[in-house]
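To keep things clear, I will list the structure first and then write my remarks on it.
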Amino acid sequence: MVMDELPAGMATSDVSRTVLDNLLEGCQVISPEFVYLYVNHAAAAHGRSTPEALVGKTMMQAYPGIDQTEMFGVLRRCMRERVPASMENEFVHLDGSVGWFELRFEPVPDGVAILSVDITDRKHGETQLRRTMRALQITSRCSQLAAHATTKPELARDVCQLLVGDGGFAAVELRVEGEQPIVERAGEPPSDGATLALPIRGATNDEALGELVLHAGQSNAFDDDERRVLEEVVSDIAFGVQILRERRTRLLAEEAQRLAERRAAAAERLEAIGRLAGGVAHDFNNLLTVVLSSASLARLQLGDNSTLEEDLDAIEKAGQRAAALTQQLVAFSRTQRFELRDIDFNSIVVALQPLLERTLGDDVRLSVDIGDDLGFVRADRTQLEQVLLNLVVNARDAMPHGGAVTIETQSVTLDASYAEQHESIDPGRYVLLSVSDNGEGMTAETRQHIFEPFFSTKGPGQTSGLGLATVYGIVKQSGGTIWCYSEPGFGTTMKIYLPRVDGQQEVFEQRPASAVAAGGETILLVEDDEHVRRVAERILRDTGYSVHSAANADAALALAESQLLAIDLLLTDVIMPGASGPELARKLAAKVANLTVLFTSGYSHLVAQRRGMLEPGVNYLGKPYSVRDLTAKVRAVLDARTLAL
-12 MVMDELPAGM ATSDVSRTVL DNLLEGCQVI SPEFVYLYVN HAAAAHGRST
38 PEALVGKTMM QAYPGIDQTE MFGVLRRCMR ERVPASMENE FVHLDGSVGW
88 FELRFEPVPD GVAILSVDIT DRKHGETQLR RTMRALQITS RCSQLAAHAT
138 TKPELARDVC QLLVGDGGFA AVELRVEGEQ PIVERAGEPP SDGATLALPI
188 RGATNDEALG ELVLHAGQSN AFDDDERRVL EEVVSDIAFG VQILRERRTR
238 LLAEEAQRLA ERRAAAAERL EAIGRLAGGV AHDFNNLLTV VLSSASLARL
288 QLGDNSTLEE DLDAIEKAGQ RAAALTQQLV AFSRTQRFEL RDIDFNSIVV
338 ALQPLLERTL GDDVRLSVDI GDDLGFVRAD RTQLEQVLLN LVVNARDAMP
388 HGGAVTIETQ SVTLDASYAE QHESIDPGRY VLLSVSDNGE GMTAETRQHI
438 FEPFFSTKGP GQTSGLGLAT VYGIVKQSGG TIWCYSEPGF GTTMKIYLPR
488 VDGQQEVFEQ RPASAVAAGG ETILLVEDDE HVRRVAERIL RDTGYSVHSA
538 ANADAALALA ESQLLAIDLL LTDVIMPGAS GPELARKLAA KVANLTVLFT
588 SGYSHLVAQR RGMLEPGVNY LGKPYSVRDL TAKVRAVLDA RTLAL
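Just so you know, my numbering puts 241 at position 254 of the sequence shown, and the rest follows in order with no gaps.
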């Protein structure tokens, strides 16, 4: 703008005009109508324009939206009140870039003069300084966190909270090796913000330890200087992860050393017990020799006194059993070999029944149910007697206030599906010995340790802790397997499977699939054990049945109501969390006419009835069952249902 065009009161000399036009400080005069009356070159450059493009236009025409800014409000107030004002103004250029200016507003006769100084570089420097100081503080604090963290999740959580709280980031996500990502947010990150992802690497720079992702609210965040400081933070995180890894490795090594020492001590203790057992057995055999010899001599002198004859028979039989058990002590001391014979397990149960009844005492009832066509097992008879006696004694100890023990034997066939779910057993024909009690039962944690040497739930000095460990060893040595089924409050069932022999070891051959009983009915399967449920569902589906499965009674009832199932058979476990199988059957029977039910349980049928879990005469299938057991029983129950209808 030329000086001749200045408004009234602003005429000046050429020298003054030259000074104004060439000031480094911007100068502009705004009319009461917010029209540019005068703009020098510095002021026009601040707005990225020229004097010629601005003079004569309103501020709103030159810079749309400027009337909504804080600066325009200060200008309006100065125009109205005629008082000077000053401020620092953030000005957004038309291309979206930002500049900072220090403004002074001075009233003049024709409006307001605005003097401006560009302070953008200073503002950027201040921002950078704040970022650098913030980053240095974060780095220092992060080093402390890395040095004192006890776990990787704790380290990740503390670092994320530090970066969001003290660092001012909108959100932080940190993932370290082997752990779930930790996310911390100050709020929802803005869509126009910036994101920086930094890999966390080990000392060799080839090992990936995780990743740090930072979200900032400003689009111009993460310049080179701040990025370098944040890379130091990542280095501290990597250092912390490696410290924790080394600490864990050291702890594992120390734990392994302690475990080895405990095992060595246990082995030494077993060796000492073995030597003691051998000495005790030797002395006890001498005493038994006297007892049995004296009984034989007394028999020769009795004549026909039948009453004493029976007493002597009892003494001799008890002495012979004691001698057999003594031989087990000798075997435990590793000074005698076991004798493997083809043994009828039923004969052991029958022979030991009187001794077992006396062992249990008057407050525990013993029931025995021996199966037909049991076949033989190849084992040491004394060992098997010890197995049965140990299991019964263990059952008695689980019932301090009395109860019932049930012993059952039967011939079973374990197929490939059973063998896949149980370690160290092959498909084939087996003799099953089952010992059940209605005592206190065991938790899952206890069941994991019951076969460990010296483990016991009894108090100090009440047991050696070798009973079930010895049983386990004998069963495994005889080629069999042992399975424990127990729940707190429902007692325990111990099932032993030993390979069956008929004169000579039989070779088990899986029957063809065509021999499996098939069907097309609808079955509602209810089983709380996920693995058992999946296997049973697969077996039944593969056999042609339509199967709907549930994990508990509530889920089964909801399933039946939501899908309006036409249920041909309810196949349910007896004991489940929440409502039991019988309770579920009663509730469904009220909704489904002529409901047919097949119960299944790890407890035997007799035990389940005696404990009031099942009514007499119900359909029942014991666990574990084979493919053929399940399909044959389901088919038989459904066929009986059809005939009844």
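All C-beta atoms in this analysis are idealised placements derived from N, C-alpha and C, irrespective of residue type, glycine included.
Across which residues does DSSP place Ala72 in a beta bridge pair?
-> Locating residue 72 in the sequence shown gives position 85, where the first residue counts as 1. Ala72 is bridged to Phe92.
- Query: Is the beta carbon of Leu231 sitting closer than 8 Å to the one on Ala136?
  - Reply: Your numbering for residue 231 matches position 244 in the sequence shown. Your numbering for residue 136 matches position 149 in the sequence shown. Against a cut-off of 8 Å, the Cβ pair of Ala136 and Leu231 comes out as a contact.
*What first and last residue would you give for the alpha helix (DSSP H) that runs through Met46?*
Taking the first residue of the sequence shown as 1, we reach residue 46 at position 59. Run containing Met46: 46 to 49, per the alpha helix (DSSP H) assignment.
Problem - Thr468 vs Asn377 beta-carbon contact at 8 Å - result: Residue mapping note: residue 468 aligns to position 481 of the sequence shown, counting from 1. Residue mapping note: residue 377 aligns to position 390 of the sequence shown, counting from 1. No.
Practice task
Identify whether Gly13 lies in helix, strand or coil by the three-state DSSP scheme.
Solution key: For the purposes of this step, residue 13 is identified with residue 26 of the sequence shown, where counting begins at 1. Three-state result, Gly13: strand.
Practice item. Measuring alpha carbon to alpha carbon, tell me which of Met58, Pro564, Asp359, Asp82 ends up nearest Val418. Key: For the purposes of this step, residue 418 is taken as residue 431 along the sequence shown, with counting starting at 1. For the residues Met58, Pro564, Asp359, Asp82, the minimum Cα distance to Val418 belongs to Asp359.
**Request:** Would you mind stating whether Gly197 and Glu171 have Cβ atoms separated by less than 8 Å?
**Result:** Looking up residue 197 in the sequence shown gives position 210. Looking up residue 171 in the sequence shown gives position 184. Not a contact, by the Cβ cut-off of 8 Å.
>> Tell me which residue opens and which closes the beta strand (DSSP E) that Ile106 is part of.
In response: Counting from 1 along the sequence shown, the entry for residue 106 is found at position 119. Looking at the DSSP string, Ile106 is not in any beta strand (DSSP E), and its letter there is neither H nor E.
How big is the Cα-Cα spacing for Leu81 and Tyr25? Taking the first residue of the sequence shown as position 1, residue 81 is located at position 94. Taking the first residue of the sequence shown as position 1, residue 25 is located at position 38. Taken atom to atom, the span from the alpha-carbon of Leu81 to that of Tyr25 is near 21 Å.
Return the Cβ separation of Asn333 and Gly390 in integer angstroms, given the expectation that the two are a contact with Cβ distance under 8 Å. Position 346 of the sequence shown holds residue 333. Position 403 of the sequence shown holds residue 390. The Cβ separation is near 24 Å, so there is no contact.
Gly637 vs Glu474 beta-carbon contact at 8 Å | Outside the shown range of the chain, which is -12 to 632, sits residue 637, and nothing can be said about it.
| message | Can you tell me which residues form a DSSP beta bridge with Tyr472? | response | Your numbering for residue 472 matches position 485 in the sequence shown. Answer by DSSP bridge pairing, in chain order: Thr480.
Inter-residue CB distance, Gly189 and Gln244 (contact presumed, cutoff 8 Å) = Translated into positions along the sequence shown, residue 189 becomes position 202. Translated into positions along the sequence shown, residue 244 becomes position 257. In fact, because the Cβ distance is near 27 Å, the residues do not count as touching under 8 Å.
* Does Ile17 come within less than 8 Å of chain B when only Cβ atoms are used? -> This model lacks chain B altogether; it includes just one protein chain.
query = Cα separation between Glu93 and Ser18?
reply = As a position in the sequence shown, residue 93 is number 106, starting the count at 1. As a position in the sequence shown, residue 18 is number 31, starting the count at 1. Rounded to the nearest angstrom, the two C-alpha atoms are 12 Å apart.
Closer than 7 Å: is that where the CB of Ile526 sits relative to any heavy atom of the ligand ATP?
-> Within the structure as shown, the ligand ATP is missing, as the structure has no ligands at all.
- Output yes or no for whether 8 Å exceeds the beta carbon distance between Leu625 and Leu556. By one-based count along the sequence shown, residue 625 stands at place 638. By one-based count along the sequence shown, residue 556 stands at place 569. Going by C-beta atoms, Leu625 is nearer than 8 Å to Leu556.
Check your understanding: Are the beta-carbon atoms of Ser533 and Thr559 separated by less than 8 Å?
Key -> Sequence index remark: in the sequence shown, residue 533 carries index 546 (1-based). Sequence index remark: in the sequence shown, residue 559 carries index 572 (1-based). Their beta carbons are not under 8 Å apart, which means Ser533 does not touch Thr559 by this criterion.
What does Ala158 pair with, by DSSP beta-bridge criteria? On the sequence shown, residue 158 is found 171 positions in, with the first residue counted as 1. BP columns for Ala158 point to Arg172, His202.
*Where Val579 sits in the DSSP three-state scheme*: Locating residue 579 in the sequence shown gives position 592, counting from the first residue. Residue state, collapsed to three classes: coil.
query = Do three or more CB pairs link the stretch 53 to 60 to the stretch 25 to 37 at distances below 8 Å?
reply = no
- prompt: Alpha carbon to alpha carbon, how far is Leu217 from Ser84?
  reply: If you number the sequence shown from 1, residue 217 lands on position 230. If you number the sequence shown from 1, residue 84 lands on position 97. Cα to Cα, Leu217 sits roughly 26 Å from Ser84.
- Which parts of the stretch 399 to 434 are runs of the alpha helix (DSSP H), unbroken and 4 residues or longer, counting only runs that do not cross its ends? 403 to 408, 431 to 434
- request: For Ala627, name the three-state secondary structure that DSSP assigns.
  value: By 1-based counting over the sequence shown, the position of residue 627 is 640. Of the three classes helix, strand and coil, the one that applies to Ala627 here is helix, per DSSP.
Point to revise | Rounded straight-line distance, which links the Cα of Arg622 to that of Leu630 | key: Working through the sequence shown from its first residue, we reach residue 630 at position 643. Working through the sequence shown from its first residue, we reach residue 622 at position 635. Roughly 12 Å between the two C-alpha positions.
Worksheet item: To the nearest angstrom, how far is it from the Cα of Arg67 to the Cα of Thr182?
Response: Residue 67 sits at position 80 when you count from the first residue of the sequence shown. Residue 182 sits at position 195 when you count from the first residue of the sequence shown. Here the alpha carbon of Arg67 sits roughly 45 Å from the alpha carbon of Thr182.
**Prompt:** By how many angstroms is the C-alpha of Glu77 removed from the C-alpha of Gln15?
**Reply:** Looking up residue 15 in the sequence shown gives position 28. Looking up residue 77 in the sequence shown gives position 90. One C-alpha to the other measures close to 18 Å.
> Going by Cα to Cα distance, which pick from Gly531, Gly609, Ile101, Glu524 is closest to Ile562?
Replying inline: Here residue 562 refers to the residue found at position 575 of the sequence shown. Cα-wise, what sits closest to Ile562 is Gly609.
*Might you give, ordered along the chain, the residues of its own chain that have their beta carbon closer than 6 Å to the beta carbon of Tyr484, omitting 5 neighbours on each side?*
The residue you call residue 484 lines up with position 497 of the sequence shown. Closer than 6 Å at the Cβ level, and outside the excluded window around Tyr484, lie Tyr417, Leu419, Gly467, Thr468.
Q.
Which complete beta strand (DSSP E) runs does the stretch 506 to 589 hold, if anything under 3 residues is left out?
A. 509 to 513, 533 to 537, 556 to 560, 584 to 588
Check your understanding: How many Å lie between Ala203 and Gln148 at the Cα?
Key -> Start at 1 with the first residue of the sequence shown, and residue 203 comes out as number 216. Start at 1 with the first residue of the sequence shown, and residue 148 comes out as number 161. Near 15 Å, if we compare the C-alpha coordinates of Gln148 and Ala203.
- [ ] Could you spell out where the alpha helix (DSSP H) holding Thr346 opens and where it closes?
- [x] The residue labelled residue 346 in the question sits at position 359 within the sequence shown. Residues 332 to 347.
* To do: Indicate whether the contact test is met: 3 or more Cβ pairs, each with one atom in the stretch 363 to 374 and one in the stretch 385 to 399, closer than 8 Å.
  => No: fewer than three Cβ pairs fall under 8 Å.
Original post:
Assuming Leu347 contacts Leu339 under a Cβ cut-off of 8 Å, what Cβ separation, rounded to an integer in Å, is found between them?
Top reply: Within the sequence shown, numbered from 1, the residue matching residue 347 stands at position 360. Within the sequence shown, numbered from 1, the residue matching residue 339 stands at position 352. Wrong, their Cβ atoms sit about 12 Å apart, outside the cutoff.
**Message:** Only counting the same chain, and skipping five residues up and downstream in sequence, which positions put a Cβ closer than 7 Å to that of Ala543?
**Reply:** Sequence index remark: in the sequence shown, residue 543 carries index 556 (1-based). Leu511, Val513, Ala537, Leu571, listed in sequence order.
request  = Have a look at Ile554 and Ala240 and give me their C-alpha separation to the nearest angstrom.
outcome  = In the sequence shown, counting from the first residue as 1, residue 554 sits at position 567. In the sequence shown, counting from the first residue as 1, residue 240 sits at position 253. Going by the C-alpha atoms only, they are around 57 Å apart.
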